[in-house]
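Participant: I'd like to ask you about the structure that follows.
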Amino acid sequence: MKRALPLKRTNSRATSAEVAKLAGVSRTTVSLVLNDRGGELGISAETRARVADAAARLSYQPSHAARSLRRWRTNVIALLLYTLDSFYNAEIIGAAHAAALERGYSLNIMSAKFDEVQRRAYSLLSGGVADGVIVAAPPADLAADLKKLAENGMPIVVMQHHSPDPAIQAVRVDLERGGYVATRHLLALGHRRIAHIGSASQRLLKRRERSDGYARALQEAGIAADPQLVAMAEPSLAGGFAAMEELLAQEKRPSAVFVYSDQMAVGALHALRKRGVRVPQEMAVVGFDGIALGGFVTPELTTVDYSRADIGRLAVEAVIGRLEGEAEPPPREQVLPVRLLVRESCGGMRAATGREGA
263 MKRALPLKRT NSRATSAEVA KLAGVSRTTV SLVLNDRGGE LGISAETRAR
313 VADAAARLSY QPSHAARSLR RWRTNVIALL LYTLDSFYNA EIIGAAHAAA
363 LERGYSLNIM SAKFDEVQRR AYSLLSGGVA DGVIVAAPPA DLAADLKKLA
413 ENGMPIVVMQ HHSPDPAIQA VRVDLERGGY VATRHLLALG HRRIAHIGSA
463 SQRLLKRRER SDGYARALQE AGIAADPQLV AMAEPSLAGG FAAMEELLAQ
513 EKRPSAVFVY SDQMAVGALH ALRKRGVRVP QEMAVVGFDG IALGGFVTPE
563 LTTVDYSRAD IGRLAVEAVI GRLEGEAEPP PREQVLPVRL LVRESCGGMR
613 AATGREGA
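Quick note: the sequence shown, position 94, residue 356 per my numbering, numbers continuous.
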C-alpha cells in the first residue's frame with residue numbers, strides 16, 4: 263500500500279483540529295486514538311488508521327504541556343459538587359473518599375456553582391492539581407464543555423448524568439425508573455389524583471427523568487396528565503414546603519404526591535402538618551433518594567432508595583481504572599438499580615413487600 267506523502271504547511275506546528283479535519287473525525291477521537299485509548303472505547307481500526315495517517319501527514323506532535331501532563335501524576339482525584347451541605351452528598355463523599363484511599367489516591371472535594379464548573383475543572387487539570395475529575399450532576403448545558411475537557415486525554419467521570427461523550431464515563435441511577443416505580447405504587451394503592459412536586463432547576467438534566475417516570479406511569483394507567491397537579495420548586499426543604507402549599511391551595515386537592523427528593527418531601531410533610539392534613543390518611547407521600555432523614559420524620563417517609571455509596575465508589579474506581587490502564591475498564595455508563603422502600607407516609611406498608619421490581 264502506497265504511503266501518503268506529508269502535507270506542506272504554512273505554519274510551524276499542526277493542531278489536533280487540523281488532524282481531526284483531515285481524518286474526518288472529532289478532536290476527541292484524535293485525542294483518544296493518539297493516547298492509545300481508541301480501542302478500549304470502541305473506535306474502529308479503520309478510524310484509528312485514518313487518524314494515525316493524518317497525524318503522520320501533518321507531522322503532528324502533541325504540545326509539550328500535554329505530554330508533561332500525561333506523565334506527571336499527583337495521585338489526586340478532584341470531586342466537584344454544587345453543595346457540600348446536602349444530606350444526599352454525605353454518603354457519596356464518604357464512599358468516594360474511602361475508595362480513593364484504598365487505591366492510594368487522595369480525594370480533593372470542592373464545591374462549585376454551575377457557571378464555575380468548567381473553569382474549576384480546567385484549572386485542576388491543566389495546573390496539574392489533579393489526575394482526574396468527577397463532576398456531580400452537571401447541568402444539561404455543560405455537556406459541550408465536558409467534551410472539551412475530555413480532549414486533553416485525562417479521565418472525567420460524571421455522576422447522576424448520562425455520558426455526554428465516548429471519552430467520558432458516567433455513574434448514575436435509573437431515575438426515570440424510580441419515578442415510574444413510585445407513581446405505580448401509589449396507583450396500586452388506589453390513588454388516581456396523584457400530584458408531583460418537581461425540581462424547578464431547569465439546568466439539571468436529572469430533574470426531568472424522575473418527572474418522566476411519573477408521567478409514564480400515569481399514561482400506562484390511562485390517566486390524563488393534569489398540569490394543575492404538577493408543582494415545581496427549588497430542590498430544598500423550603501422548596502418542598504412552598505410546592506405543597508401551592509397544591510393545597512387548589513379547590514380539588516390530590517390524594518397522593520410523588521416528590522422529587524426526600525429533602526423536598528420533608529418540607530412537604532411540614533406544610534401538610536401545619537395545614538392539619540393527615541398523612542397518609544388524607545395525603546400519601548413518596549419521596550426519592552433514601553436519605554437517612556426520611557427515617558426520622560413522622561410519619562416515616564416512603565422513598566425510592568438506591569446506593570449512594572456505590573455511586574461514589576464506582577466513580578472513583580472508574581477514574582483510577584482509566585489512569586492505570588486497567589485491562590477491563592468499566593463500561594461507559596454504569597446504571598444503578600432502584601428499590602421502593604415502603605414506610606408509613608404512603609399508607610401501603612401492608613400492601614407492599616418493600617421492594618418494587620421490574
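Heads up, the beta-carbon is just placed ideally off N, CA and C, and yes, glycines get one too.
Tell me, which residues are paired with Ile418 by DSSP?
Facilitator: Note: Ile418 sits in a beta bridge opposite Val395.
Participant: Any contact of the stretch 338–345 with the stretch 540–557, i.e. 3+ C-beta pairs under 8 Å?
Facilitator: no
Participant: Just tell me which of Ile582, Val597, Ile573, Arg472 has its CA closest to the CA of Ala352.
Facilitator: Ranking the options by Cα distance to Ala352, first place goes to Ile573.
Participant: What's the gap between the Cα of Pro428 and the Cα of Gln596?
Facilitator: When rounded, the distance between both Cα atoms is 13 Å.
Participant: Would DSSP call Glu260 helix, strand or coil?
Facilitator: Past the edges of the chain, shown from 263 to 620, lies residue 260, and the structure says nothing about it.
Participant: Going by alpha carbons, who is nearest to Ala457 out of Gly304, Val521, Gly529, Ala307?
Facilitator: Val521
Participant: Is it a yes or a no for the stretch 432–450 touching the stretch 476–488, going by three-plus beta-carbon pairs under 8 Å?
Facilitator: yes
Participant: Classify Leu499 as helix, strand or coil using the three-state DSSP reduction.
Facilitator: helix
Participant: Which residue spans inside the stretch 447–491 form an unbroken beta strand (DSSP E) run of at least 3?
Facilitator: 456–461
Participant: Only counting the same chain, and skipping five residues up and downstream in sequence, which positions put a Cβ closer than 8 Å to that of Ala328?
Facilitator: Residue placement at Ala328 is poorly supported in this model, since its pLDDT is 49, which falls under 50; the coordinates are not used for a value here.
Participant: Just checking Met506 against the ligand FMN - is the residue's beta carbon closer than 8 Å to any of the ligand's heavy atoms?
Facilitator: Among the components of this structure there are no ligands whatsoever, and the ligand FMN is therefore not found.
Participant: Between the Cα of Leu575 and those of His453, Arg584, Leu585, Ala358, spot the shortest distance and give me the residue it belongs to.
Facilitator: In the sequence as displayed, the identity of residue 575 is Arg instead of Leu. Taking only the C-alpha atoms, the option nearest Arg575 is Ala358.
Participant: Assuming Leu509 and Arg472 form a contact by the criterion Cβ under 8 Å, report the distance between their Cβ atoms to the nearest whole angstrom.
Facilitator: Not quite, the Cβ-Cβ distance comes to about 17 Å (not below 8 Å), so this is no contact.
Participant: Helix, strand or coil: which one does DSSP assign to Leu341?
Facilitator: If DSSP states are grouped into helix, strand and coil, Leu341 belongs with the strands.
Participant: Per DSSP, what are the beta-bridge partners of Thr564 in this structure?
Facilitator: Val548
Participant: Determine, using beta carbons only, whether Val492 and Met506 come nearer to each other than 9 Å.
Facilitator: no
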